[in-house]
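The structure under discussion appears below in the form of structure tokens.
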Amino acid sequence: MVRVKLINVTKRFGDVVAVNNVSFEVKEGELFTLLGPSGCGKTTTLRLIAGFYKPDLGEIYFDDELINDVPPYKRNTGMVFQNYALWPHMRVFDNVAYGLKLRNWPPRKIIKRVKEMLQLVGLAGKEKRYPSELSGGEQQRVALARALVIEPRVLLLDEPLSNLDAKLRVRMRSEIKKIQKKLGITTIYVTHDQEEALSISDRIAVMNKGRIHQIGDPVEIYENPKDLFVADFIGTTNFIPVRVIEFDKESHKITISIGDQKLITSFYGSVETGSEVICAVRPESLDIFKLDEVPKNRPYIIGKIDLIDFLGKIIRYEVETDFGLIRVDTSEKSLREKFKEGEKVVISLEPESVRIFVK
Ligand code: ATP
């Protein structure tokens, strides 16, 4: 097991700064995810770690060894690509055995090791198939077995599930997580899918435009996004423009006005009284009531239901308000029949569940 450390790493392609002054440390045995929209620099970061690219600036370490100048084949990383990159003319066995043959393992040991790997990924008995005779999920397992067979120091996974259908993606991600934990292998996982990242990771680095915005465990990232980008990218968030009435630096209490309503919550930054800030709140943190049921002692917003969206486990109400469209999620079955599209309703805010961001 190895620690992977990047210190102030920058990689440019011509005028494009693909990775901009990135630093993080992946602990031994950790599953660390690089998450961000297309083009944010995730794949480039992974390729820098694999050694396919060299940083223009900064340092990359495996434990205490500086590996900037170590060629890829000497880094002993195992990589799984988005399109699997299996050899179509080789059977499953030979695809998996390839790395061991390159390392001159004796044939008997290769057979034993490949068998163990195929068992681990749930492909025992399929050694003689060609990739074209396998489903997408099975091809993904071969790719994983091929990456793991050489006992890499670090496992690198680049959008490994994006070619699979939604159900299989969910199944494969929990299998990858189980295998990763069983082997205890330090793993860096790249995805643009926030749900996948939240589900699979020990920690996540959220990236945008070559920079890291936040590093934290899934709960931290979801519940305490550090800035507007993270709040917007992870899950669904309502953004409500509000004004600062009062801010007490000592107690970190901020009073904001939403129309004629006042809301007091915690805020750990610095902000001017009178300025406009953004109040971010998750749809599941809001409550919806009939007009004559306005809850006391809690700030509220009045609006009109524009759309009721049945999403299976939850119902999402899209409510037109003076502050824009606000989404409210509820999983309460009793509310299903209660509201109609076009109806005027009250949205109630729980002060401690809102986050304040300076624009
Ligand atoms: P995706 O999810 O779409 O793969 P990504 O987050 O992995 O995106 P990268 O592939 O790392 O992003 O790309 C980051 C930026 O660097 C993009 O603007 C991309 O166009 C650019 N880039 C990546 N590789 C190269 C290259 N070999 N030559 C020139 N530009 C590149």
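So for the sequence shown, the numbering used here puts the first residue at 41; every next one is plus one.
Where is the CB? At the ideal position from N, CA and C, for every residue including glycine.
What you are looking at is a predicted structure, and each value in this text was computed from that prediction instead of being measured.
{"Item": "Segment limits, beta strand (DSSP E) that includes Asn436", "Value": "Nothing can be reported for residue 436: it is not among the residues displayed for the chain, which extend from 41 to 399."}
{"Item": "Segment contact flag, the stretch 83-93 with the stretch 135-155, C-beta cutoff 8 Å, min 3 pairs", "Value": "no"}
{"Item": "First through last residue of the beta strand (DSSP E) which encompasses Tyr357", "Value": "Ile355 to Thr361"}
{"Item": "Distance between Ile89 and Ala58 (C-alpha atoms, nearest Å)", "Value": "14 Å"}
{"Item": "Distance CB(Thr117)-CB(Arg193) smaller than 9 Å", "Value": "yes"}
{"Item": "Cut-off 6 Å between Cβ atoms - residues of its own chain near Glu381, not counting five sequence neighbours on either side", "Value": "Ile345 and Ile348"}
{"Item": "Contact test: Ala90 Cβ vs the ligand ATP heavy atom, cutoff 8 Å", "Value": "no"}
{"Item": "Contact under 9 Å by Cβ, Ile387 with Leu326", "Value": "yes"}
{"Item": "Reduced DSSP category for Val270 - H, G, I as helix; E, B as strand; rest coil", "Value": "helix"}
{"Item": "Whole-angstrom C-beta distance between Gln301 and Tyr357, which should lie under 8 Å", "Value": "Not confirmed; about 19 Å, so no contact."}
{"Item": "Expected contact under 8 Å - CB spacing of Leu71 and Thr227 to nearest Å", "Value": "5 Å"}
{"Item": "Neighbour-count burial assignment, Gly76, 16 or more Cβ in a 10 Å radius", "Value": "buried"}
{"Item": "Nearest-angstrom Cα separation, counted from Ile225 out to Ile47", "Value": "22 Å"}
{"Item": "Where Gln159 falls, given that 16 or more other Cβ within 10 Å makes a residue buried", "Value": "exposed"}
{"Item": "Contact between the stretch 314-333 and the stretch 274-294 (3+ Cβ pairs under 8 Å)", "Value": "yes"}
{"Item": "Cut-off 6 Å between Cβ atoms - residues of its own chain near Lys217, not counting five sequence neighbours on either side", "Value": "Ile240"}
{"Item": "Cβ neighbour criterion (16 or more within 10 Å) applied to Glu236", "Value": "buried"}
{"Item": "Cβ neighbour criterion (16 or more within 10 Å) applied to Ala164", "Value": "exposed"}
{"Item": "Rounded straight-line distance, which links the Cα of Ser371 to that of Lys353", "Value": "6 Å"}
{"Item": "Residue burial classification, Gly250 (beta-carbon count within 10 angstroms, cutoff 16)", "Value": "buried"}
{"Item": "Whole-angstrom C-beta distance between Val359 and Val317, which should lie under 8 Å", "Value": "In fact, because the Cβ distance is near 21 Å, the residues do not count as touching under 8 Å."}
{"Item": "Other residues of its chain near Tyr262: CB distance less than 7 Å, five sequence neighbours each side excluded", "Value": "Leu238, Ile274 and Gly275"}
{"Item": "Identity of the residue in Arg52, Leu201 and Ile190 nearest Ser175 by Cα", "Value": "Leu201"}
{"Item": "Contact test: Phe72 Cβ vs the ligand ATP heavy atom, cutoff 8 Å", "Value": "no"}
{"Item": "Three-way DSSP call (helix, strand, coil) for Glu254 in this model", "Value": "Per the sequence shown, residue 254 should be read as Gln rather than Glu. Residue state, collapsed to three classes: strand."}
{"Item": "Proximity to Gln234 [Cα-Cα], best of Arg213, Ile100, Met119 and Ile219", "Value": "Arg213"}
{"Item": "Selection from Val161, Ser306, Thr73 and Gly314 that minimises the alpha carbon distance to Leu223", "Value": "Val161"}
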